[in-house]
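So the number in the numbering used here is just where the residue sits in the sequence shown, counting from 1, plus 498. Glycine included, every Cβ here is placed at the ideal spot set by N, Cα and C.
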Amino acid sequence: MILINKYGKRSQSLIAMLLLLFLGGVLIVNLFKPSTSFSEAENRSLEQLPQLTLHSLVSGKFTSGFEKYISDQFMARDFWIGVKSDADRAMGKKESNGVYLGKDGYLIQKFAPPADGDMEMKVNAIHSLAKAAPGLRMFVMLVPTAASVLADKLPDYAPAGEELAYLDQVRRSLHRDIRFVDVYPALHAQREPSVYYKTDHHWTTRGAFYAYQELSKRMGLVPKKEEDFTIRTVTDEFYGSLYSKSGFRYVAPDSIDLYMPKAGGSCTVEYVEEGQISNSMYAMDNLGKKDKYTVFFDGNHSFIRITTGLRDGTKLLVVKDSYANSLIPFLTPHFSEIYVVDPRYYENDLKTLIQERQIRDVLLLYNANTFFEDPSLNRLAEPAE
């Protein structure tokens, strides 16, 4: 009995010593490991070492920032994220970091309801923008996410949320002269084979196409048909934002398709603040990057001006999030100039832009989650200081 206790204590001591050595080794490696600025797997910038000052120490900002820094810069972070998601999956867990592991390989983002009063602020901002110029036609397209359109792909017992009810509340709150473009019926009717990516929160180009057809009808335009395009698959190795955010790793990648008009056509794309001009709406080099969705207009920019081959003087302003990036190319045959503004980065006055450029059509295009979450929309009609 004494001998057993003796060896038992030695085993415990050895385990404790090995654990301390492991933790010490991890600490040393983390201290001397160069900081990583960007996580390809998570597709986001990582926290950097905060500056130590008396003010930051007393206020608690340094402590908070240092905790985030350690979490983001932890040795083999991507590996441990994968281990955690694998363990959760083995235990039957179907949700990670706000993302459901759905059926048929779908990763689906949870819908986050708007905060009290936030919806009213956004509706008021839309009303204000709609008054920017006499005779202005205002179109609002708020795209339901996969959580609503593909609700049957959610894991069993996962709540679908009230996204459609909130969108309907926005529709009913808008003035009658503001045209709400409801794309849910079209997306739901065309839900197979795919109107949303499986690993990303965006709709596919096919989904954007059917939304474009609905928008065209509301605008009084004659929409192009699918047979008017050559559909070109430019990658089948796209792992999107939900793959990065969730940590779920054993899912198949998506494909990205481009709809190229058979009739041809040309346009000039001016990235105004960057001072760059391109003759293509597609940044093909970005297909070699992690975020391949940025093939559309090289991602999000504060202000883009598109000049098409049309010479009838028609102008459209698109106020948008990234959902619009794959839909805008479908609109180029219908307008002479298209101005594209992302309020998250645009700091000038939209009313002034509308008046100076003599714009007569405005499209507000957001997915439901971003519309309800993005605070920049609350000031989209405010004059620049």
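Problem set entry | Ile857 - DSSP class collapsed to helix/strand/coil | Looking up residue 857 in the sequence shown gives position 359. Note: Ile857 maps to coil in three-state DSSP.
For this session: Could you check the C-alpha separation between Lys849 and Arg877 for me, to the nearest Å?
Result: In the sequence shown, residue 849 corresponds to position 351, counting from 1. In the sequence shown, residue 877 corresponds to position 379, counting from 1. Roughly 12 Å between the two C-alpha positions.
Exercise. How should Ile624 be labelled, buried or exposed, when 16 other C-beta atoms within 10 angstroms of its C-beta is the threshold for buried?
Worked result: Within the sequence shown, residue 624 is the residue found at index 126, counting from 1. So Ile624 counts as buried.
For this session: Report all residues from its chain with a CB closer than 6 Å to the CB of Thr830; omit the five preceding and five following residues, and keep chain order.
Result: One-based indexing of the sequence shown puts residue 830 at position 332. Excluding sequence neighbours, Thr830 sits near Cys765, Thr806.
Exercise. Hey, which unbroken runs of the alpha helix (DSSP H) at 4 residues or more fall wholly within the stretch 639-718?
Worked result: 644-647, 661-671, 682-687, 703-717
For this session: Rounded to whole angstroms, what's the CA-CA distance from Ala514 to Gln667? Just pull it up for me.
Result: Here residue 514 refers to the residue found at position 16 when the sequence shown is read from its first residue. Here residue 667 refers to the residue found at position 169 when the sequence shown is read from its first residue. Going by the C-alpha atoms only, they are around 59 Å apart.
Problem set entry | Reduced DSSP secondary structure (H/G/I, E/B, other) of Gln510 | Against the sequence shown, residue 510 aligns to sequence position 12. Gln510: helix per DSSP, three-state reduction.
Problem set entry | Segment limits, alpha helix (DSSP H) that includes Leu759 | Counting from one through the sequence shown, the residue named residue 759 turns up at place 261. According to the sequence displayed, residue 759 carries Pro and not Leu. Pro759 -> not in any alpha helix (DSSP H); beta strand (DSSP E) instead, spanning 752-759.
Problem set entry | Alpha-carbon spacing of Gln510 relative to Leu516, whole angstroms | In the sequence shown, counting from the first residue as 1, residue 510 sits at position 12. In the sequence shown, counting from the first residue as 1, residue 516 sits at position 18. Those two C-alpha atoms are separated by around 10 Å.
For this session: Could you tell me the distance, in whole angstroms, from the CA atom of Leu640 to the CA atom of Pro691?
Result: Position 142 of the sequence shown, counted from the first residue, corresponds to residue 640. Position 193 of the sequence shown, counted from the first residue, corresponds to residue 691. Rounded to whole angstroms, Leu640 to Pro691 spans 22 Å at the Cα level.
Exercise. Can you tell me the Cα-Cα spacing of Ala630 and Leu672, whole angstroms?
Worked result: As a working mapping, residue 630 is identified with position 132 in the sequence shown. As a working mapping, residue 672 is identified with position 174 in the sequence shown. If I take the Cα positions, the gap works out to 16 Å.
Exercise. Would Ser753 pass as a contact of Thr733 if the rule is Cβ separation under 9 Å?
Worked result: One-based indexing of the sequence shown puts residue 753 at position 255. One-based indexing of the sequence shown puts residue 733 at position 235. Against a cut-off of 9 Å, the Cβ pair of Thr733 and Ser753 comes out as a contact.
Problem set entry | Counterpart residues of Leu863 in DSSP-defined beta bridges | For this step, residue 863 is matched to residue 365 along the sequence shown. Answer by DSSP bridge pairing, in chain order: Met639, Lys818.
For this session: For Leu627, name the three-state secondary structure that DSSP assigns.
Result: As a position in the sequence shown, residue 627 is number 129, starting the count at 1. In this structure, Leu627 counts as helix in the three-state DSSP scheme.
Exercise. Between Ile826, Gln856, Lys788, which lies nearest to Ile802 when the distance is taken from Cα to Cα?
Worked result: On the sequence shown, residue 802 is found 304 positions in, with the first residue counted as 1. Cα-wise, what sits closest to Ile802 is Ile826.
Problem set entry | Beta-carbon proximity list for Leu550, same chain, < 8 Å, skipping 5 on both sides | The sequence position of residue 550 within the sequence shown is 52, counting from 1. Here the set comprises Phe560.
Problem set entry | In DSSP terms, what Arg803 is bridged to | Here residue 803 is taken as the residue at index 305 of the sequence shown, counted from 1. For Arg803, which the question treats as bridged, DSSP gives the partners Glu768, Tyr837.
Exercise. By a C-beta neighbour count over all protein chains shown, 10 Å radius and 16 as the cutoff for buried, is Met779 buried or exposed?
Worked result: Here residue 779 is taken as the residue at index 281 of the sequence shown, counted from 1. Under this definition Met779 is a buried residue.
Exercise. My guess is that Leu875 and Phe637 are in contact by the Cβ rule of under 8 Å, so how many angstroms apart are they, rounded?
Worked result: Counted from its first residue, the sequence shown places residue 875 at position 377. Counted from its first residue, the sequence shown places residue 637 at position 139. Actually they are not in contact, since the Cβ atoms of Leu875 and Phe637 sit about 16 Å apart, beyond 8 Å.
Exercise. Taking the beta strand (DSSP E) that Leu599 falls in, what are its first and last residues?
Worked result: Start at 1 with the first residue of the sequence shown, and residue 599 comes out as number 101. Looking at the DSSP string, the run of the beta strand (DSSP E) that includes Leu599 is 597-599.
For this session: Below 6 Å CB to CB, which residues in the same chain sit around Pro612 once its five sequence neighbours on both sides are set aside?
Result: Numbered from 1 along the sequence shown, position 114 holds the residue referred to as residue 612. Within the same chain, Pro612 has close Cβ partners Phe870.
Exercise. When DSSP labels each residue in this structure, what does Lys813 get in the three-state scheme?
Worked result: Position 315 of the sequence shown holds residue 813. Lys813 falls in the strand class under three-state DSSP.
Problem set entry | Where the beta strand (DSSP E) through Phe727 begins and ends | By one-based count along the sequence shown, residue 727 stands at place 229. Where Phe727 is concerned, the enclosing beta strand (DSSP E) stretches over 727-736.
Exercise. Below 9 Å between beta carbons: does that hold for Thr697 and Tyr741?
Worked result: In the sequence shown, counting from the first residue as 1, residue 697 sits at position 199. In the sequence shown, counting from the first residue as 1, residue 741 sits at position 243. For Thr697 and Tyr741, yes; Cβs fall inside 9 Å.
Exercise. Near Ile775, which residues of its chain fall below 6 Å by C-beta distance, leaving aside the five closest residues on each side in sequence?
Worked result: Here residue 775 refers to the residue found at position 277 when the sequence shown is read from its first residue. Cβ within range, chain order: Glu768.
Exercise. Per DSSP, Leu552 is paired with what?
Worked result: The sequence position of residue 552 within the sequence shown is 54, counting from 1. Per DSSP, none; premise fails for Leu552.
For this session: Check whether the Cβ atoms of Leu815 and Val793 sit closer than 9 Å, and answer yes or no.
Result: Numbered from 1 along the sequence shown, position 317 holds the residue referred to as residue 815. Numbered from 1 along the sequence shown, position 295 holds the residue referred to as residue 793. No. Outside cutoff.
Exercise. Is Asn865 near His686, with beta carbons less than 9 Å apart?
Worked result: In the sequence shown, the residue the question calls residue 865 occupies position 367. In the sequence shown, the residue the question calls residue 686 occupies position 188. Cβ distance not < 9 Å, so Asn865 and His686 don't count as in contact.
For this session: Return the CA-CA distance between Lys813 and Asp789, expressed in angstroms with no decimal places.
Result: The residue labelled residue 813 in the question sits at position 315 within the sequence shown. The residue labelled residue 789 in the question sits at position 291 within the sequence shown. If you take the alpha carbons of Lys813 and Asp789, they lie about 30 Å apart.
For this session: With a 10 Å radius around its C-beta and 16 neighbouring C-beta atoms as the bar for buried, classify Tyr843 as buried or exposed.
Result: In the sequence shown, the residue the question calls residue 843 occupies position 345. Label assigned to Tyr843: exposed.
Exercise. Alpha carbon to alpha carbon, what distance is there between Asn798 and Lys787?
Worked result: Residue 787 sits at position 289 when you count from the first residue of the sequence shown. Residue 798 sits at position 300 when you count from the first residue of the sequence shown. Computed Cα separation, rounded: 15 Å.
Exercise. Hey, Ala706 and Val679: beta-carbon distance below 9 Å or not?
Worked result: Start at 1 with the first residue of the sequence shown, and residue 706 comes out as number 208. Start at 1 with the first residue of the sequence shown, and residue 679 comes out as number 181. No, the pair does not count as a contact, with Cβ atoms beyond the cut-off.
Exercise. Does the separation of the CB atoms of Phe746 and Ser626 fall below 9 Å?
Worked result: As a working mapping, residue 746 is identified with position 248 in the sequence shown. As a working mapping, residue 626 is identified with position 128 in the sequence shown. Cβ atoms of Phe746 and Ser626: not closer than 9 Å.
For this session: Using alpha carbons as the reference points, say which of Ala644, Ser562, Ser557 lies closest to Leu662.
Result: Numbered from its first residue, the sequence shown carries residue 662 at position 164. Among Ala644, Ser562, Ser557, the Cα nearest to that of Leu662 is on Ala644.
Exercise. For the alpha helix (DSSP H) that contains Leu829, what are its first and last residues?
Worked result: What you label residue 829 is simply residue 331 of the sequence shown in a count that begins at 1. Residues 826-829.
Exercise. Given Val621, which residues of its chain have a CB within under 7 Å of its CB, disregarding the five upstream and five downstream residues?
Worked result: Translated into positions along the sequence shown, residue 621 becomes position 123. Taken in chain order, the residues that qualify are Val668, Ser671, Leu672.
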